[in-house]
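At position 59 of the sequence shown the residue is numbered 143 (this note's numbering), and the sequence of numbers has no breaks. Structure first, then comments.
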Amino acid sequence: MDSYLDINNNYFGVRHYKVHVTKEKIKPLRFITSVISYAIFIWLLLVGLMLLAYVADIKIRAAKGDTSPPVYNAYVVLTGSMVPEIMPKDVVVTKKREAKDLEVGDIITFLSSDPRLSNIIVTHRIKAKYYDATTNKYTFQTKGDANNTADFTLAEDTNIIGEVIFKIPKIGYIQSILATKGGLIIVVLIPCLAILSYDIVKLGKNVKNKVVKKKSEVSIVRR
Numbered sequence: 085m086d087s088y089l090d091i092n093n094n095y096f097g098v099r100h101y102k103v104h105v106t107k108e109k110i111k112p113l114r115f116i117t118s119v120i121s122y123a124i125f126i127w128l129l130l131v132g133l134m135l136l137a138y139v140a141d142i143k144i145r146a147a148k149g150d151t152s153p154p155v156y157n158a159y160v161v162l163t164g165s166m167v168p169e170i171m172p173k174d175v176v177v178t179k180k181r182e183a184k185d186l187e188v189g190d191i192i193t194f195l196s197s198d199p200r201l202s203n204i205i206v207t208h209r210i211k212a213k214y215y216d217a218t219t220n221k222y223t224f225q226t227k228g229d230a231n232n233t234a235d236f237t238l239a240e241d242t243n244i245i246g247e248v249i250f251k252i253p254k255i256g257y258i259q260s261i262l263a264t265k266g267g268l269i270i271v272v273l274i275p276c277l278a279i280l281s282y283d284i285v286k287l288g289k290n291v292k293n294k295v296v297k298k299k300s301e302v303s304i305v306r307r
């Protein structure tokens, strides 16, 4: 904190000295550490809420003897087939829905039955919906927004994981970094060091300011 000396007028031959203290200016290090801290907090909060909902759903279904997939799931999108709606490394959160409730235009995540894709999980938009009354089954023609043609095979209702209800942009990059030991150390260590450095600097300034303030409280009286 910055200090300066102010000399008031003489009253009855006594000169008074006062020290005025201005508000501490926000330092770049403080701003950076604050941004990092809030970003980490928000990210951990989102992940925590997702994990909490996921675990709660599993526990509830297990108690009921239900072995079907969870109601909510989250997946990292790896390709650009849904650009610009969904970008690579975005995380999509899906909610399980009945096949009869899905409509053309919905974005769904499903297990592909295309033999060329080796049963990978795909997130594409529904372009057409078909119903077979003899089997009471639904199938869906799907297509990536950025693709020129529809998917090679139809998506079967039993392979649908859920409808995409929202996305979290670029969170997949964090997941990729955390998947490596070096990345995990960097993500955890750098913010901790930044916060620790800021606290040390702040502590040193507080000690210095207390010493200056204590000295300034001594009135200098001249007659």
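C-beta: ideal position from N, C-alpha, C; glycine also. Predicted, not measured: the structure shown is a model, and the values here were computed from it.
### Bridge partner(s) assigned by DSSP for THR207
Counting from 1 along the sequence shown, the entry for residue 207 is found at position 123. Answer is THR193, bridged to THR207.
Inset, instruction - Please classify LYS265: does DSSP put it in a helix, a strand, or coil? - result: Start at 1 with the first residue of the sequence shown, and residue 265 comes out as number 181. Of the three classes helix, strand and coil, the one that applies to LYS265 here is helix, per DSSP.
Residue(s) in a DSSP beta bridge with GLU247
Against the sequence shown, residue 247 aligns to sequence position 163. The partner list for GLU247 (beta bridge, DSSP) reads LYS179 and ILE192.
query = Based on Cα-Cα distance, which residue from ILE192, VAL139 and SER197 lies nearest to LYS180?
reply = By 1-based counting over the sequence shown, the position of residue 180 is 96. Nearest option by C-alpha distance: ILE192.
Is PRO253 buried or exposed, if buried means 16 or more other CB atoms sit within 10 Å of its CB? As a first step, residue 253 must be located in the sequence shown, where it is residue number 169. Its Cβ having fewer than 16 others within 10 Å, PRO253 is exposed.
For this session: Please check the pair ILE170 and VAL176, which I expect to be a contact at CB under 8 Å, by giving their CB distance rounded to whole angstroms.
Result: Locating residue 170 in the sequence shown gives position 86, counting from the first residue. Locating residue 176 in the sequence shown gives position 92, counting from the first residue. Contact holds; Cβ gap of about 6 Å.
Could you tell me how far apart the beta carbons of GLN259 and VAL139 are, in whole angstroms, since I believe they sit closer than 8 Å? Position 175 of the sequence shown, counted from the start, is the residue given in the question as residue 259. Position 55 of the sequence shown, counted from the start, is the residue given in the question as residue 139. No, GLN259 and VAL139 are not in contact; Cβ-Cβ is about 18 Å, not under 8 Å.
Return the residue from the list THR226, LEU136 and ALA230 that minimises the CA-CA distance to ILE244. One-based indexing of the sequence shown puts residue 244 at position 160. It is THR226 whose Cα lies nearest to the Cα of ILE244.
Worksheet item: According to the neighbour-count rule (16 or more other Cβ atoms, all chains shown, within 10 Å of its Cβ), is SER118 buried or exposed?
Response: Along the sequence shown, one-based indexing puts residue 118 at 34. Burial call: exposed.
C-alpha distance - ARG145 paired with PRO154, whole-angstrom precision: Working through the sequence shown from its first residue, we reach residue 145 at position 61. Working through the sequence shown from its first residue, we reach residue 154 at position 70. Cα to Cα, ARG145 sits roughly 8 Å from PRO154.
> From this set, LEU287, ASP229, LEU280 and ILE255, which residue's C-alpha is nearest VAL131's C-alpha?
Replying inline: In the sequence shown, residue 131 corresponds to position 47, counting from 1. Closest by C-alpha distance to VAL131, out of LEU287, ASP229, LEU280 and ILE255, is ILE255.
Q. Contact check, LYS213 vs GLU182 under 8 Å by CB: the rounded distance?
A. Numbered from its first residue, the sequence shown carries residue 213 at position 129. Numbered from its first residue, the sequence shown carries residue 182 at position 98. Rounded, the Cβ-Cβ distance is 13 Å, inconsistent with contact.
**Where VAL105 falls: helix, strand or coil (DSSP)** = Locating residue 105 in the sequence shown gives position 21, counting from the first residue. Here VAL105 scores only 44 on pLDDT, less than 50, and its place in the model should not be relied on; the value that follows carries that caveat. Strand, per DSSP.
Query raised in the report: Exposed or buried, what is VAL206 when buried is set at 16 or more other beta-carbons lying within 10 Å of its beta-carbon?
Result: The count along the sequence shown starts at 1 and reaches residue 206 at position 122. It is buried - the Cβ of VAL206 has at least 16 other Cβ atoms within 10 Å.
Alpha carbon to alpha carbon, how far is VAL105 from ILE116?
-> Taking the sequence shown and counting its residues from 1, the one referred to as residue 105 is at position 21. Taking the sequence shown and counting its residues from 1, the one referred to as residue 116 is at position 32. With a pLDDT of only 44 at VAL105, under the threshold of 50, the placement of this residue in the model should not be trusted, and no figure is reported.
Go ahead and label ALA123 buried or exposed: buried means 16 or more other beta carbons lie within 10 angstroms of its beta carbon, across all protein chains shown. In the sequence shown, the residue the question calls residue 123 occupies position 39. Exposed, because fewer than 16 other Cβ atoms sit within 10 Å of the Cβ of ALA123.
**Request:** Excluding the 5 residues preceding and the 5 following LYS250 in the sequence, name in chain order all residues of the same chain whose CB lies nearer than 6 Å to its CB.
**Result:** Numbered from its first residue, the sequence shown carries residue 250 at position 166. A small fix is needed here, since residue 250 is Phe in this sequence, not Lys. VAL177.
Query raised in the report: Which same chain residues, not among the five before or five after SER197, have their C-beta less than 8 Å away from its C-beta?
Result: Within the sequence shown, residue 197 is the residue found at index 113, counting from 1. Only ASN203, THR237, LEU238, ALA239, GLU240 and ASN243 meet the Cβ criterion.
Evaluate PHE194 with the Cβ neighbour count: other Cβ atoms within 10 Å of its Cβ, from every protein chain shown; 16 or more gives buried, anything less gives exposed. Counting from one through the sequence shown, the residue named residue 194 turns up at place 110. Buried, by the Cβ-count rule.
| query | If we call anything under 8 Å between Cβ atoms a contact, is TYR257 one with LYS184? | reply | What you label residue 257 is simply residue 173 of the sequence shown in a count that begins at 1. What you label residue 184 is simply residue 100 of the sequence shown in a count that begins at 1. For TYR257 and LYS184, no; Cβs fall outside 8 Å.
Discussion item. For ASN157 and THR151, what's the separation of their Cα atoms in angstroms?
Written reply: Numbered from 1 along the sequence shown, position 73 holds the residue referred to as residue 157. Numbered from 1 along the sequence shown, position 67 holds the residue referred to as residue 151. Answer to the nearest angstrom: the Cα atoms are 15 Å apart.
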